[in-house]
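> Dumping the structure here so I can ask a few things about it.
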Amino acid sequence: MELWQEMIRNSITTVDHLVEKFNIDKEVAGKLDEFFQARINPYYLSLIRYPGDPIWLQCVPDIKELEDLDAEDDPLHEDDMSPVPNITHRYPDRALFLVTSQCGLYCRFCTRKRKVGDQTKISMRTFESAFRYLEQHTEISDVILSGGDPLMLTDTMLEKILIRLRQIKHIQVIRLGSKMPCVLPQRITPQLVEMLKKYHPIYCNTHFNHPWEITEESKKACGMLADAGIPVGNQCVLMKGVNDNTETMKQLMKGLLAMRVRPYYIYMADLTKGANHFRTPIKVGLDIMDKLRGHISGLAVPHFVVDAPGGGGKIPLLPNYVISQDENKIVLRNFKYNIYEYPDVREGSQITDESMFMRKSPRRRKSLVSKKERIKKIKVPVIQNS
Ligand code: SF4
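With the numbering used here applied, the sequence shown corresponds to residues 5 to 390, in that order.
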C-alpha cells in the first residue's frame with residue numbers, strides 16, 4: 005500500500021472519531037454523518053492551527069449544515085445535462101467524465117455531495133456507455149476527469165481510462181480535476197507523473213482555497229506535475245471565514261503562482277445544500293478582484309465567476325472599469341481609479357487606428373504617437389467603484 009492510501013485509511017471518518025477529535029455532540033455528529041460523511045486525512049488534519057480556522061471550516065462537519073437544507077441537491081443541474089451515466093455535456097466541445105465517487109478529503113462545501121462518498125454513487129460499470137458517448141460525439145475535444153477525485157483511482161485504473169480516451173482521435177485535451185495536490189499531495193508520486201506524461205496533452209485543475217494549504221509537500225507535488233509538462237491551474241471558492249478578504253486572496257494567488265500553479269477561477273459559492281453559511285455577498289468577490297487586478301502580476305489574477313444556478317455555466321464578473329461610452333470613445337478607470345479616454349473606431353470603418361498608424365510615414369507616425377500621448381492622461385477626481 006502506498007503512503008497516500010495509508011493516509012486515506014487513517015482518515016477521520018466515523019461519528020466516534022468526530023466526537024472524540026472535535027468535541028461534536030454525538031447526536032449532532034450522527035446527523036451530520038447521515039447528511040454528508042466526513043473524511044479528514046492526517047495530512048490535511050495537520051494543517052489545522054486552531055478550532056474554527058480556515059482549514060477546519062473546510063473539513064470539519066458543522067451543525068450549521070443541518071440548518072440549511074433548502075437548496076437543491078444538484079444546483080448546477082449536472083444530472084439534467086447527463087446524456088449517459090458518468091457524463092455531463094454542458095459546453096459545446098467539452099465533457100465532464102465522472103470516474104469515481106471517492107475523494108482524498110470530503111469538503112463541507114462540496115457541490116457534488118449527491119455523488120460523493122458512497123462507492124455506488126458513481127459506478128465504474130457504466131463507463132462503457134460513457135466511452136461510447138465520447139466516441140460518437142466528435143465535437144468533444146476536451147474531457148475533464150472528475151468525480152470525486154480521479155486521483156483516488158490507482159495508477160493502473162487511471163491509465164486504463166487514459167489509454168481508452170487516447171484511442172478517441174477527436175479528444176485533444178484531457179484534464180484532471182483533482183484536489184489531491186492540495187489535500188493529499190503525497191498522491192503525486194514519481195510513478196504517477198511518469199505514467200501521466202505518456203498521455204499528453206494533460207492538464208490538471210486543482211483546488212487551493214487558502215495560503216496555509218501551500219506547504220512544502222504541496223509545492224513538491226505541484227512541482228512534479230509541472231516538471232512532467234502538466235500545466236496546473238487553480239480553481240478556488242470564495243467562502244466566508246476561509247478566504248473572503250483581499251489579503252488572504254493575494255497571498256494565495258501569489259503563493260500559487262510561485263509554485264507554478266496558474267490561478268484560473270475564483271467561484272462564488274454555489275447554492276449547495278448545507279453550505280449556505282459559506283456564502284458571501286457578490287460585492288466581496290468584486291472588491292477582491294478590484295484589489296488584485298493591477299496590484300499583483302496579471303498571471304496571478306484569476307477569473308471571478310458565478311456558476312449559474314440551473315446549469316447556465318460559468319459567467320464572469322468584473323469590477324466596473326467603464327465610466328462611460330459613446331460612438332467616439334470609451335472612458336475607463338484604471339486600478340488606481342485614474343480616468344482615461346480611449347478613442348473608438350467608428351462602426352463600418354474598414355480602417356482601424358492601428359492599420360492607419362502602420363501606413364503613415366515615420367513623421368506622421370510620430371505625430372500620431374504624440375496625439376495618443378496627449379489623450380492618455382485625463383485625470384478627474386476619484387470615482388468610487390459601483
Ligand atoms: S474534493 Fe471536490 S468532489 Fe471531493 S468533496 Fe471536495 S469539492 Fe467535493
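We put the beta carbon where it would ideally sit given N, CA and C, even for glycine.
Which whole-angstrom value describes the C-beta separation of G298 and N338, a residue pair presumed to lie in contact below a C-beta threshold of 8 angstroms?
Sure, about 7 angstroms apart at Cβ, within 8 angstroms.
> Taking the Cβ atom as the reference point for each residue, do P313 and L260 lie within a distance shorter than 9 angstroms?
Not a contact, by the Cβ cut-off of 9 angstroms.
> Along the alpha helix (DSSP H) that carries H21, what are the first and last residues, could you check?
Where H21 is concerned, the enclosing alpha helix (DSSP H) stretches over 19-26.
> If the criterion is Cβ atoms closer than 9 angstroms, does the pair S69 and L22 meet it?
Per the sequence shown, residue 69 should be read as Glu rather than Ser. No, these two residues do not count as a Cβ contact at 9 angstroms.
> Starting from D320, trace the alpha helix (DSSP H) in both directions and tell me its first and last residue.
As written in the sequence, residue 320 is Pro, which differs from the Asp given in the question. Careful: P320 lies outside any alpha helix (DSSP H), inside the beta strand (DSSP E) at 317-321.
> If S150 sits next to L188, beta carbons under 8 angstroms apart, how far is it from one beta carbon to the other, in whole angstroms?
16 angstroms between Cβ atoms; not a contact.
> Taking E251 as the reference, which of I206, V288, N238, A225 has the closest Cα?
Checked all of I206, V288, N238, A225; the closest Cα to E251 is V288.
> Among the residues of its own chain, which have a CB less than 6 angstroms from the CB of I206, if the five just before and after it don't count?
Around I206: I178, L200, I234.
> Would you tell me roughly how many angstroms separate the C-alpha atoms of N332 and P347, rounded to the nearest one?
Near 6 angstroms, if we compare the C-alpha coordinates of P347 and N332.
> State yes or no: is the C-beta of K183 nearer than 8 angstroms to some heavy atom of ligand 2?
Summarising the ligand content, the structure contains ligand 1 and does not contain ligand 2.
> Rounded to whole angstroms, what's the CA-CA distance from V120 to F212? Just pull it up for me.
Distance between the alpha carbons of V120 and F212 is about 19 angstroms.
> Examine ligand 1 and report whether any of its heavy atoms sits within less than 8 angstroms of the Cβ of F113.
At least one heavy atom of ligand 1 is nearer than 8 angstroms to the Cβ of F113, so yes.
> Give, in chain order, every unbroken run of the beta strand (DSSP E) that is at least 3 residues long and sits entirely within the stretch 292-342.
Listed in chain order, the complete beta strand (DSSP E) runs (minimum 3 residues) inside the stretch 292-342 are 307-312, 317-321, 326-329, 333-337.
> With H, G and I counted as helix, E and B as strand and the rest as coil, what does DSSP make of N280?
Of the three classes helix, strand and coil, the one that applies to N280 here is helix, per DSSP.
> Within the chosen definition, does the stretch 13-29 reach the stretch 71-87 through at least 3 CB pairs nearer than 8 angstroms?
Too few Cβ pairs lie closer than 8 angstroms, so no.
> If you check the beta carbons only, do M293 and F282 fall under 9 angstroms apart?
Their beta carbons are not under 9 angstroms apart, which means M293 does not touch F282 by this criterion.
> Determine the direct distance from the alpha carbon of D153 to that of G391, and round the result to whole angstroms.
What is shown of the chain runs 5 to 390, which leaves residue 391 out entirely.
> Could you give the distance in angstroms between the alpha-carbon of P65 and the alpha-carbon of L229?
Rounded to the nearest angstrom, the two C-alpha atoms are 31 angstroms apart.
> Using the Cα positions of F135 and K340, report the straight-line distance between them to the nearest angstrom.
F135 and K340: Cα-Cα distance of roughly 51 angstroms.
> Take Y203 and list the residues in its own chain whose beta-carbon comes closer than 7 angstroms to its own, dropping the five residues that flank it on each side.
Only L166, R170, I178 meet the Cβ criterion.
> Would you identify the three-state DSSP class for D146, choosing helix, strand or coil?
Reduced to three states, the DSSP call for D146 is strand.
> When you compare each of R191, I144, P96 to L157 by their alpha carbons, which one comes out closest?
Cα-wise, what sits closest to L157 is R191.
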